[in-house]
Amino acid sequence: MVHFVGAGPGAPDLITVRGKQLLEEADVIIYAGSLVNPKLLEYTKDVCTIHNSANMTLEEVIQVIEKAEKEGKTTVRLHTGDPCIYGAIREQMDILDEKGISYDSCPGVSSFCGAAAVLNLEYTLPDISQSVIITRMEGRTPVPEKESIQSFAAHNATMVIFLSTGMLEELSRRLVEGGYKEDTPAAIVYKATWEDEKKFICTVGTLAQTAKENQITKTALMIIGDAVNTSNYERSKLYDPEFTTEFRQGSKKEKI
Numbered sequence: 001m002v003h004f005v006g007a008g009p010g011a012p013d014l015i016t017v018r019g020k021q022l023l024e025e026a027d028v029i030i031y032a033g034s035l036v037n038p039k040l041l042e043y044t045k046d047v048c049t050i051h052n053s054a055n056m057t058l059e060e061v062i063q064v065i066e067k068a069e070k071e072g073k074t075t076v077r078l079h080t081g082d083p084c085i086y087g088a089i090r091e092q093m094d095i096l097d098e099k100g101i102s103y104d105s106c107p108g109v110s111s112f113c114g115a116a117a118v119l120n121l122e123y124t125l126p127d128i129s130q131s132v133i134i135t136r137m138e139g140r141t142p143v144p145e146k147e148s149i150q151s152f153a154a155h156n157a158t159m160v161i162f163l164s165t166g167m168l169e170e171l172s173r174r175l176v177e178g179g180y181k182e183d184t185p186a187a188i189v190y191k192a193t194w195e196d197e198k199k200f201i202c203t204v205g206t207l208a209q210t211a212k213e214n215q216i217t218k219t220a221l222m223i224i225g226d227a228v229n230t231s232n233y234e235r236s237k238l239y240d241p242e243f244t245t246e247f248r249q250g251s252k253k254e255k256i
């Protein structure tokens, strides 16, 4: 059996209870060494074979899994954050399907959630933004043309941008071209929830400058939109004393 497990955003105690249990029971672990906190490997049992996938190809990962299966061992494929976001898990699952190897998934806390926690930020503020767009710039790996930064920026919703720290001047240009103003609030969060995490509030126009001044070149994500830094939002209707819900009667009389 193979378990795809989300390691969480960084802090070892932010893995799920289920994920920790699977690590404790695993005979073989293949972990994304460039991103997963190695302290998570302290949860493993004494007799466990550990592979760092940062040095491996997809084919080599599958070879390790096949060998474990033949030996009747349980494998954990440990991915950073939640594996469903930029985890490259579908290609692994498709091969396992072809080979008749059983697997399941254990979700994890994504770094975009970890970053919000670091900033004490709510992505979906009433009357400001009710949508979160998770995307990235194209680099060596392309992005579908219909999903350009400019096209998403036109919505002026909250954007969380992964894997783009080295392209911030171009990112700013595209955000402005798409519809954000240069003074739109933005944030850079480096290694959210790790011991050496850093956070910086800036604007769309000063993303590159802020990263350069603080020597941030990778392992960060950018948050764009008014939700980053505003006090001018509507109060939630759910907790408004005038608002009637399924569970309580509001003080305001409804018009008939």
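Going by the UniProt record's numbering, the first residue of the sequence shown is number 1, and it counts up by one from there. For every residue, glycine included, the Cβ atom is placed at its ideal position computed from N, Cα and C.
- Minimum Cα-Cα distance from Asp-27 among the listed residues Ser-251, Pro-9 and Ala-68 corresponds to Ala-68.
- Here the region 20–36 makes no contact with the region 196–209; the two share fewer than three CB pairs at distances below 8 Å.
- In the three-state reduction of the DSSP assignment, Thr-203 falls in the strand class.
- With fewer than 16 neighbouring CB atoms inside 10 Å of its own CB, Leu-58 falls in the exposed class.
- Of the candidates Gly-81, Val-64 and Thr-80, the residue whose Cα lies closest to the Cα of Thr-74 is Val-64.
- Two segments are said to touch when three or more pairs of C-beta atoms, one from each, lie closer than 8 Å; by this definition the region 131–146 does not touch the region 175–186.
- In this structure, the alpha-carbon of Leu-96 lies about 39 Å from that of Leu-121.
- Taking all protein chains shown into account, Arg-136 has 16 or more neighbouring C-beta atoms within 10 Å of its C-beta and is therefore buried.
- Rounded to whole angstroms, the gap between the alpha carbons of His-79 and Ala-54 is 11 Å.
- Gln-150 places its beta carbon less than 7 Å from that of Gly-178.
- Judged by DSSP in its simplified three-state form, Lys-198 adopts strand.
- Between the C-alpha atoms of Arg-248 and Pro-126 there is a straight-line separation of about 21 Å.
- In the three-state reduction of the DSSP assignment, Asn-55 falls in the helix class.
- Contact check for Ala-157 against Ser-131 passes: the beta carbons are separated by less than 7 Å.
- For secondary structure counted as the beta strand (DSSP E) over 3 or more consecutive residues, the region 33–113 holds these complete runs in sequence order: 49–52, 75–79 and 103–106.
- Straight across, the Cα-Cα distance linking Glu-197 with Gly-10 is about 9 Å.
- Taken through DSSP and simplified to helix, strand or coil, Arg-235 comes out as coil.
- Taking a 10 Å sphere around the C-beta of Leu-238, we find fewer than 16 other C-beta atoms and assign the residue as exposed.
- The C-alpha of Lys-252 is placed about 15 Å away from the C-alpha of Glu-246.
- A contact is defined here as three or more CB-CB pairs under 8 Å, and the region 155–172 meets this definition with respect to the region 218–236.
- Cβ-Cβ distances below 6 Å link Ala-227 to Tyr-123, Leu-125, Ile-128, Ser-129 and Thr-158 in the same chain, with the five nearest sequence neighbours on each side left out; the list follows chain order.
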